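In this note's numbering, the protein residues as written are 399 to 791.
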Ligand SMILES: *Cc1c(COP(=O)(O)O)cnc(C)c1O
């Protein structure tokens, strides 16, 4: 078997993964890989978590799908838990990150429309942000390569340089409906936005009646050592998008918002066939059961600190190869000097049993280990990483 009949839109490694357990993946020859990509920030609780398997199995015997023509308890339960755990009053469920982007954009525009400000429909986004691959999502964000060949893009978006509050104020006019941004740009190369800048945006958008939406598809669900990163920095959005780790690999996503905004969405104005599907909701609730255990985030914090410290040591050992280490929590970008070949080092990682993720930035790899890693997994990672760097120097 091979990839010949798959649309060739991914730079796939020839490695074929057949199973996973905890923080490890296994290929068809039973070779073990330390998974420091988590299926792109998705399998935060590791592979084949027994409690998640059990929850999915139980639900699979009861009910798979019933649509939103009727109510279901798992959906009510997950929505009410999310609202207790966050700023939000209302939740819309869907199945992927890009759908949460679409939902956020539609809610922002409809809010102003219903309030009689029909011309107020422009959404400001930040250069280098990434919000998914639909036409609206690539119009809203992404590097040039995600847009090339897809003209005409959708109108109504204005993209500005990051961390430049003056540019933001200049971009705002009477048509500005909302600002939509990633707090830490992940795909774009792992750049955290300045916290002061984000506070300024929050104050300013409140003053101006502009809706502020955060894309925490990647930074949510413990990746930055708290449930959501905005809770850690104390800045509350009006709309929040969330996906990747919500279902630990089962497709679940959500767009969360406040009542005063949600009130403008009425039956028929939006929807999704699979959204809130009982299987997805059962897994979503099971994931929450695990990560809301009292000590969960403390453990993530402690292993993340250990990983950052270990990386600092590596950087001092290989100053000619490692240019910069960026990111927070378990979302880490490692930028190399241009003389290092990224594809060579990634191949060495594969050879030595390690999987990491790339970014849109040519010289930067991204570490997205499962939230459940322990110090010994960090040590194993550092061993493989330093021997690959040794081979390059
Ligand atoms: C992955 C991602 C998306 C898109 O999610 P999909 O499920 O791939 O559609 C949107 N925003 C951010 C920040 C992401 O990392």
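Built from N, CA and C at the ideal position, the CB exists for glycine as well.
Model, not experiment: these values are computed from the prediction.
Rounded to the nearest angstrom, the Cβ distance from residue 617 to residue 581 is 6 Å, consistent with a contact under 8 Å. Secondary structure note for residue 556: its beta strand (DSSP E) is the uninterrupted segment 555–558. Secondary structure at residue 755: strand, using DSSP grouped into helix, strand and coil. Residue state for residue 707 is assigned as helix, using DSSP reduced to three classes. Within the DSSP bridge table, the entry for residue 464 names no partner. The continuous beta strand (DSSP E) containing residue 424 extends over residues 422–425.
Looking at the backbone, the Cα of residue 729 and that of residue 648 are separated by about 21 Å. Note that the C-beta distance between residue 432 and residue 779 is below 8 Å. For residue 637, no alpha helix (DSSP H) run applies; the uninterrupted beta strand (DSSP E) run containing it begins and ends at 637–640, by DSSP. Taken through DSSP and simplified to helix, strand or coil, residue 430 comes out as strand.
Under the three-state reduction of DSSP output, residue 625 falls in the coil class, being neither helix nor strand. Put simply, of 549, 459, 695 and 563 the residue whose alpha carbon is nearest the alpha carbon of residue 625 is 695. Counting the other CB atoms within 10 Å of its CB gives residue 768 a total of 16 or more, which places it among the buried residues.
The straight-line gap separating the alpha-carbon atoms of residue 747 and residue 454 is approximately 33 Å.
Under the three-pair Cβ rule at 8 Å, the stretch 508–522 does not count as touching the stretch 477–485. Distance from residue 458 to residue 677 at the Cβ level is roughly 7 Å; contact confirmed, criterion being Cβ atoms closer than 8 Å. For the pair of segments examined, the stretch 600–615 was found to touch the stretch 627–642: the number of CB pairs separated by less than 8 Å reaches three. Take the alpha-carbon of residue 404 and the one of residue 578: they are about 33 Å apart. Assignment of residue 401 by DSSP, reduced to helix, strand and coil, places it in the coil class. The residues 536 and 551, in chain order, have a CB closer than 7 Å to that of residue 545 in the same chain once the five nearest residues on each side in sequence are set aside.
Annotation: the continuous alpha helix (DSSP H) that includes residue 777 extends over 773–790.
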